[in-house]
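Trainee: Dropping the structure in here first, questions after.
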Amino acid sequence: MHRFVVFHLPINEFANARRVVWNRHGVRQLRSGWADGPAYITQCPIPRGHSYVYNFTITGQRGTLWWHAHISWMRATLYGPIVILPKPGVRYPFAKPYKEVPIIFGEWFNADPEAVIRQALRTGAGPNLSDAYTINGRPGPLYNCSSKDTFKLKVKPGKTYLLRMINAALNDALFFSVANHSLTVVEADGVYVKPFDTNTVLITPGQTTNALLRTMDHLPNATFLMAAKPYATGPATFDNTTTAGILEYESPNTSTAVRNPPLLGPTLPSLKNTSAAMNFITRLRSLANAQFPANVPQIVDKRFFFTVGLGSRPCPKNHTCRGPKGAKFAASVNNVSFTLPSMAILQAHFSGQSHGVYTPDFPRNPNSPFDYTGATPNNTFVGGGTKVVVLPFNTSVELVMQGTSVLGAESHPLHLHGFNFFVVGRGFGNFHPRKDPSKYNLVDPVERNTATVPVGGWVAVRFRADNPGVWFMHCHLEVHTSWGLRMAWVVTDGSLPSQKLPPPPADLPKC
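Residues in the sequence shown are numbered consecutively from 96, following this note's numbering.
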């Protein structure tokens, strides 16, 4: 168990913020669901001019996680790293690095991101693109007029650096590489993995990846570009630009050193290179040893099959919509486009007042099966509602998430609050319930909190519902979340006092 954490984030200085909430992405929040943060799921937003203290205990976790605003598109600028160090005396399962460096990828809009999504939701069309990607808040030298806004990492020759990478971008997965250097991946989503060398890292929104960078010997004055560009799927228009930083080798005598110009950027995969993306994803494996076991549920109590993808909603009367066929873009899970309630679901669940807030009838399977990755069906409309799945405490769950090609196949980074899960299988095309489970990896699958549903394919995960409360699951492409690709799991109390959710804090914000 790590130290008790008080996470105090006042919002007074954010003049444009009306109401906000904060999420510690990847922190399991064992019996502290009141501190999880997503708006209208576990709490109501914090009013402007007020503050709320998030109290929680980090148990059994270490590594790189992060925090961000969790309402509308405020996380475009409100985010940062959470670094959980090993307990005193406990070593990394790899050589201790000389230095550890957070590398946070983001997106920058030359506009108010809140206005961008408000316009998109009003018109029913896709939102305007961001104007740049960033590394540690800086776009880098490959954009016009931003050469001075470049992140520089100064390094010494012959040293090992641990890069703690976080993708905080709103809507794009990113390929990342450092020119003339290899990276050794050692952690994903705060869980150690079997180390492997790679020239390119793929990291989707919501995910974190730790990698060791070994600098070359005897290279004073040398500079290299490190760069990130999007991996995109689906028919949408993507910002195919590149953000870059500079890896700068320190000189023994900086006063007289003459810097060489940065080399050309590293060779990154093309925009829609799914082969490169899957090559990286499939190499991730848990350590699965005595010190760091992979406790994959071997017996499953409940199985779920969720379709995830785009769709449309009818245009309101007397409105003009610019979405598909004059409708509005929507996104859904099992054809349910999630509607946020006006009261937090956790508050309603705890008080036993769910009526009018949510219904416990989220479908375990699609109501109308179809060829999910085939031709687009004639009817692309999706339903709506605030529906949840209710799980008894300690239920072992297998969830298959199937991507659809409705209005275009895309990859989706699905994030589950309150739990880590094991990615036991994945594939392209339609999931086959009799053939595909025989290929599951139940020995050393990667353990994550955010998993990618491949474009035109599926992913299977397993987890144990041992954390009472209400837990949000959503696509971490912010536009898809805004369109309704989200749902919630309600985990009931167990029989023991240690298996029950405590009452809410006295200062929990009210709706």
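By construction, the Cβ of each residue, glycine as well, lies at the ideal position given by its N, Cα and C atoms.
State the start and end residues of the unbroken beta strand (DSSP E) segment that holds Pro176.
Mentor: Your numbering for residue 176 matches position 81 in the sequence shown. Annotation for Pro176: the continuous beta strand (DSSP E) segment containing it runs Tyr174 to Ile179.
Trainee: Do Tyr147 and Pro436 have their C-beta atoms closer together than 8 angstroms?
Mentor: Along the sequence shown, one-based indexing puts residue 147 at 52. Along the sequence shown, one-based indexing puts residue 436 at 341. Not closer than 8 angstroms, so no.
Trainee: Where does the unbroken beta strand (DSSP E) through Ser272 begin, and where does it stop?
Mentor: By one-based count along the sequence shown, residue 272 stands at place 177. Note, Ser272: beta strand (DSSP E), Ala268 to Val273.
Trainee: Just how far apart, CA to CA, sit Arg378 and Phe291?
Mentor: Numbered from 1 along the sequence shown, position 283 holds the residue referred to as residue 378. Numbered from 1 along the sequence shown, position 196 holds the residue referred to as residue 291. Each residue's Cα considered, the two are about 8 angstroms apart.
Trainee: Taking the alpha-carbon positions, what's the Gly513 to Ala264 distance?
Mentor: Taking the sequence shown and counting its residues from 1, one reaches residue 513 at position 418. Taking the sequence shown and counting its residues from 1, one reaches residue 264 at position 169. When rounded, the distance between both Cα atoms is 22 angstroms.
Trainee: According to DSSP, is Met96 helix, strand or coil?
Mentor: Here residue 96 refers to the residue found at position 1 of the sequence shown. Low confidence applies here, because Met96 scores a pLDDT of 44, under 50, leaving its location unreliable; read the following figure in that light. Looking at Met96 - three-state DSSP - the assignment turns out to be coil, as it is neither helix nor strand.
Trainee: Exposed or buried, what is Ser500 when buried is set at 16 or more other beta-carbons lying within 10 Å of its beta-carbon?
Mentor: On the sequence shown, residue 500 is found 405 positions in, with the first residue counted as 1. It counts as buried.
Trainee: Counting beta carbon pairs with one atom in the segment 205-219 and one in the segment 271-283, are three or more of them shorter than 8 angstroms?
Mentor: no
Trainee: Hey, how far is the Cα of Val115 from the Cα of Gly158?
Mentor: By one-based count along the sequence shown, residue 115 stands at place 20. By one-based count along the sequence shown, residue 158 stands at place 63. If you take the alpha carbons of Val115 and Gly158, they lie about 26 angstroms apart.
Trainee: Sorted by chain position, which residues of the same chain lie with C-beta nearer than 6 angstroms to Thr255's C-beta, five sequence neighbours on each side aside?
Mentor: Residue 255 sits at position 160 when you count from the first residue of the sequence shown. Cβ neighbours of Thr255 beyond the five flanking positions: Pro192, Tyr193, Leu307 and Arg309.
Trainee: Please state the DSSP three-state secondary structure of Asn374.
Mentor: Against the sequence shown, residue 374 aligns to sequence position 279. Looking at Asn374 - three-state DSSP - the assignment turns out to be helix.
Trainee: Roughly how many whole angstroms lie between the Cα atoms of Val211 and Ala171?
Mentor: Taking the first residue of the sequence shown as 1, we reach residue 211 at position 116. Taking the first residue of the sequence shown as 1, we reach residue 171 at position 76. Answer to the nearest angstrom: the Cα atoms are 11 angstroms apart.
Trainee: CA-CA distance, Thr369 and Ala443?
Mentor: As a position in the sequence shown, residue 369 is number 274, starting the count at 1. As a position in the sequence shown, residue 443 is number 348, starting the count at 1. C-alpha of Thr369 to C-alpha of Ala443: approximately 42 angstroms in a straight line.
Trainee: Taking the beta carbon of Arg186 as the centre, do at least 16 other beta carbons fall within 10 Å, making it buried, or is it exposed?
Mentor: Counted from its first residue, the sequence shown places residue 186 at position 91. So Arg186 ends up on the exposed side.
Trainee: For Lys397, does the three-state DSSP call read helix, strand or coil?
Mentor: Reading the sequence shown from its first residue, position 302 is the one you call residue 397. Lys397: strand per DSSP, three-state reduction.
Trainee: Tell me which same chain residues have a C-beta within less than 6 angstroms of the C-beta of Pro388, skipping the five on either side of it?
Mentor: Here residue 388 is taken as the residue at index 293 of the sequence shown, counted from 1. Excluding positions up to five away in sequence, the list is empty.
Trainee: Quick check: the Cα distance between Ala339 and Gly301, rounded to an integer number of angstroms?
Mentor: As a first step, residue 339 is located in the sequence shown; it is residue number 244 there, counting from the start. As a first step, residue 301 is located in the sequence shown; it is residue number 206 there, counting from the start. Between Ala339 and Gly301, the C-alpha separation is close to 20 angstroms.
Trainee: Determine, using beta-carbon pairs with one atom in the segment 501-511 and one in the segment 545-561, whether at least three such pairs fall under 8 angstroms.
Mentor: yes
Trainee: Tell me the rounded alpha-carbon separation between Phe246 and Met321.
Mentor: Taking the sequence shown and counting its residues from 1, one reaches residue 246 at position 151. Taking the sequence shown and counting its residues from 1, one reaches residue 321 at position 226. The straight-line gap from Cα to Cα measures roughly 10 angstroms.
Trainee: For Thr137, which of helix, strand or coil comes out of DSSP?
Mentor: Walking along the sequence shown from the start, residue 137 turns up at place 42. It is coil, neither helix nor strand.
Trainee: With a Cβ-Cβ cutoff of 8 angstroms, do Leu359 and Pro325 count as a contact?
Mentor: Numbered from its first residue, the sequence shown carries residue 359 at position 264. Numbered from its first residue, the sequence shown carries residue 325 at position 230. No, the Cβ-Cβ distance between Leu359 and Pro325 is not below 8 angstroms.
Trainee: Run through DSSP, which three-state label would Lys534 get?
Mentor: In the sequence shown, counting from the first residue as 1, residue 534 sits at position 439. Helix at Lys534.
Trainee: Can you tell me the Cα-Cα spacing of Leu104 and Met169, whole angstroms?
Mentor: On the sequence shown, residue 104 is found 9 positions in, with the first residue counted as 1. On the sequence shown, residue 169 is found 74 positions in, with the first residue counted as 1. Reliability of the predicted coordinates at Leu104 is poor, the pLDDT of 44 falling under 50, and the value obtained from them is presented with this limitation in mind. Approximately 14 angstroms, taken between the alpha carbons.
Trainee: Could you name the residues of the same chain whose beta carbon sits closer than 7 angstroms to that of Ala383, not counting the 5 residues immediately before and after it, in chain order?
Mentor: Translated into positions along the sequence shown, residue 383 becomes position 288. Hits under 7 angstroms: Ala389, Val538 and Asp539.
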